[in-house]
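Read through the structure below, which is laid out as structure tokens, and then see the notes.
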Amino acid sequence: MNKEISDQQVYFVGGGLASLAGAVYLIRDCGFTGPQIHIIEEMPILGGSNDGAGSGKEGYVIRGGRMLNDEVYENLWELLKTIPSIDHPELSVREEIIAFDTANPTHGNARLIDRNGEVQDVLSMGFDTADRLAMGKLIITPEDKMGKARINDWFGPHFFTTNFWYMWATTFAFQPWHSAVEFKRYMLRFMHEFPRIQTLEGVTRTPYNQYDSIILPLHRYLEPHGVDFTLKCTVTDLQFKEGEGITVTALNVLRQGKESVIEVQEKDLVIVTNGSMTEGSSLGSMTSAPKLGGKGSSWKLWENIAAKKPGLGNPSSFDDHVDGSKWESFTVTFQDSKFFDLMEKFTRNRAGTGALVTFKDSSWFMSVVLAFQPHFRNQPENVTVFWGYGLYTDNVGDYVKKRMCDCTGEEIMEELIGHLHFEEHREEIMATANCIPCMMPYITSQFMPRLGSDRPQVVPAGSTNLAFVGQYCEIPDDVVFTEEYSVRAARIAVYTLLGSNRPIEPINQYQYDVRTLFSSFVTSYR
1 MNKEISDQQV
11 YFVGGGLASL
21 AGAVYLIRDC
31 GFTGPQIHII
41 EEMPILGGSN
51 DGAGSGKEGY
61 VIRGGRMLND
71 EVYENLWELL
81 KTIPSIDHPE
91 LSVREEIIAF
101 DTANPTHGNA
111 RLIDRNGEVQ
121 DVLSMGFDTA
131 DRLAMGKLII
141 TPEDKMGKAR
151 INDWFGPHFF
161 TTNFWYMWAT
171 TFAFQPWHSA
181 VEFKRYMLRF
191 MHEFPRIQTL
201 EGVTRTPYNQ
211 YDSIILPLHR
221 YLEPHGVDFT
231 LKCTVTDLQF
241 KEGEGITVTA
251 LNVLRQGKES
261 VIEVQEKDLV
271 IVTNGSMTEG
281 SSLGSMTSAP
291 KLGGKGSSWK
301 LWENIAAKKP
311 GLGNPSSFDD
321 HVDGSKWESF
331 TVTFQDSKFF
341 DLMEKFTRNR
351 AGTGALVTFK
361 DSSWFMSVVL
371 AFQPHFRNQP
381 ENVTVFWGYG
391 LYTDNVGDYV
401 KKRMCDCTGE
411 EIMEELIGHL
421 HFEEHREEIM
431 ATANCIPCMM
441 PYITSQFMPR
451 LGSDRPQVVP
461 AGSTNLAFVG
471 QYCEIPDDVV
481 FTEEYSVRAA
491 RIAVYTLLGS
501 NRPIEPINQY
511 QYDVRTLFSS
521 FVTSYR
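Quick note on numbering: UniProt numbering labels position 102 of the sequence shown as 102, and the sequence is numbered without any gaps.
Now the structure itself:
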């Protein structure tokens, strides 16, 4: 081992994907041993927002599902090429995912459903001339000229009634009041997906949910190296060296109700996941609605340290606007395949090959997706599980006359059955349904309108040992709400703090590819 790093310690605050990826980079690329790496997580399990838990008997929960993309997610794929598969150790996780996706390619046949339960023809994007002009203006306007502009500041009312908006908004969970800068970044980063948004052919899926398919293999890779995983421990504050610059000297932690301090030496590193999109999540049940939670330790830690030093961002832009960032998901577990059989016939897609099915006239703006089964490692053979969500949780339903946020799991199922016009099968569907709703107050907080300085740099100016990772640090040109953003941030953090000149996979710039530009232009006139 390099003598310079032999006694250097690295502390990761948060046990999500970014921290796990950072730990792999330290071991794989930088010569660190596992015992030098400390991952401190408040929850009793690793994975952060990449969750997936439950049982066939009690019901499963996935707060959100992530769609990957084979042509982007450059650093995620490079990372997973070096992580062995749990089920097929001769393969990497990357190879396992590609083999699964090749066997189960995505091609949605029922992307949008109208109020009559009819599948819509969505080949046309539905743009008018004003929509195309506004999109062109958005694409060419520099970010620093856009400020805190919202999407609905750039586009007129017609845009939000187009097939494109219904599909793009639900694929990525955009709301009209979200940041125009983030929307622009998505349009550029996924420009190659624009011509096939109606089928989501570009989506790459994992064999199981992301906890089982990505987090667990990373954990299994790190464990034998002796990485120190400290669970059920909360970092409440950071202490800094006095004077100019940013040097962390200690971590204040709370463990089993007791406060303590972890001293940080000058050569040690501290890598913080600031903010959390799933903080304050609350689960309901078939007979109860979830509650709306509030700020927890992740947001409070960021608020504490941002108040101490300039250049550490402005969490208020993200965590003080719950009405604009909340929505509700639901995971449904059945003890049979009745609902899946009906949906496969209705959508003309085998489970795991379809896209999001969006009810475009739903007052909740509701979507569902059926994953390949089993979706969990411990899922019994007779059990089936699907996931859905609603973007407008304060609206009263079309079939259940209550706001989505006030509905039980049973009532959410009633609303869904109504939109699908499956009433004649209601009793069979409901006989074994276990719908667990999940309210998430900050789930799209990373999309809230912001200034360029509101997210801290991965390694802030003047920092000697502090970096930020996750969804609330700033990486130029890349898009938040993705696995890639977390992994890219971790790689930048580790290499920059250690002065490594190792390359980081560049962002594919599809907006400069003539064929992609031409295809997108043609698509806008479909």
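Cβ coordinates follow ideal geometry from the N, Cα and C atoms, glycine included. Only a predicted model underlies this, so the values are computations on that prediction, with no experimental measurement involved.
Next on the checklist: Quick test of your reading: residue 536 and THR170, contact by CB under 8 Å. State the CB separation rounded to the nearest angstrom.
Outcome noted: Since the first residue shown for the chain is 1 and the last is 526, residue 536 is missing from the structure and cannot be characterised.
Checklist entry - Opposite GLU427 in the DSSP bridges: which residues? => result Paired residue(s): none; GLU427 is not in a bridge.
Next on the checklist: Considering only the alpha carbon of each residue, which of ASP128, PRO84, TRP364 and PHE334 lies closest to ARG115?
Outcome noted: TRP364
Item to check | Cut-off 6 Å between Cβ atoms - residues of its own chain near VAL490, not counting five sequence neighbours on either side | outcome: Per the sequence presented here, residue 490 reads as Ala, with Val not at that position. Same-chain partners within the cutoff: ALA18, ALA21, GLY22 and VAL469.
Checklist entry - Across which residues does DSSP place ALA250 in a beta bridge pair? => result GLN239 and GLU263
Checklist entry - From what residue to what residue does the beta strand (DSSP E) around TRP165 run? => result Counting along the chain, TRP165 falls outside any beta strand (DSSP E), though it belongs to the alpha helix (DSSP H) covering 163–172.
Item to check | Inter-stretch contact (C-beta, 8 Å, three-pair minimum) for the region 424–432 and the region 297–317 | outcome: no
Checklist entry - Alpha carbon to alpha carbon, how far is SER524 from PRO142? => result 22 Å
Checklist entry - Looking only at its own chain, which residues have a Cβ that is under 8 Å from the Cβ of GLY156, when we skip the five neighbours before and after it? => result ALA130, ASP131 and ALA134
Checklist entry - Cβ atoms of ASN69 and PHE190: under 9 Å apart, would you say? => result yes
Checklist entry - Would the C-beta of ASP341 count as close to the ligand GDP, meaning under 8 Å from any of its heavy atoms? => result Ligands in the displayed structure: none, and consequently the ligand GDP is not present.
Checklist entry - Could you give the uninterrupted runs of the beta strand (DSSP E) lying entirely in the region 340–395, keeping only those of 3 residues or more? => result 357–359, 366–370 and 384–390
Checklist entry - When the Cα of GLY296 is compared with those of MET43, TRP387, GLY34 and TYR512, which residue comes out closest? => result MET43
Checklist entry - What are the boundary residues of the alpha helix (DSSP H) that HIS419 is part of? => result 409–420
Checklist entry - So which of ASP477, ALA149, THR464 and GLN9 has the shortest CA-CA distance to GLY243? => result THR464
Next on the checklist: Measuring CB atoms only, is the region 29–36 touching the region 182–201, in the sense that at least three cross pairs come out at less than 8 Å?
Outcome noted: no
Item to check | First and last residue of the uninterrupted beta strand (DSSP E) at GLY59 | outcome: 59–61
Checklist entry - In the DSSP assignment, what residue or residues form a beta bridge with CYS233? => result ARG255
Next on the checklist: Less than 9 Å between the beta carbons of TYR166 and LEU112, yes or no?
Outcome noted: yes
Checklist entry - Which value, in whole angstroms, describes the spacing of the CA atoms of ASP513 and VAL522? => result 14 Å
Checklist entry - Between the C-alpha atoms of GLU90 and GLY397, what's the straight-line distance to the nearest angstrom? => result 49 Å
Checklist entry - Of all the options ARG403, ILE27, ALA173 and VAL369, which has the alpha carbon lying nearest to the alpha carbon of GLY354? => result VAL369
Checklist entry - According to DSSP, what are the bridge partners of SER463? => result ILE246
Item to check | Identified DSSP bridge partners for GLY16 | outcome: GLY47
Item to check | GLU483, buried or exposed, once every other Cβ within 10 Å from all chains shown has been counted against 16 | outcome: buried
Checklist entry - So, using beta-carbon positions, are VAL459 and LEU451 closer together than 9 Å? => result no
Checklist entry - Are the region 206–223 and the region 431–445 touching, with three or more C-beta to C-beta distances below 8 Å? => result no
Checklist entry - Looking only at DSSP bridge pairs, what is MET439 linked to? => result SER282 and GLU328
Item to check | Distance, SER179 Cα to residue 533 Cα | outcome: Nothing about residue 533 can be read from this structure; the chain reaches only from 1 to 526.
Next on the checklist: Here's a check: name, in chain order, each residue in its chain whose Cβ is nearer than 8 Å to the Cβ of THR287, leaving out the five neighbours to either side.
Outcome noted: THR408, GLY409 and GLU410
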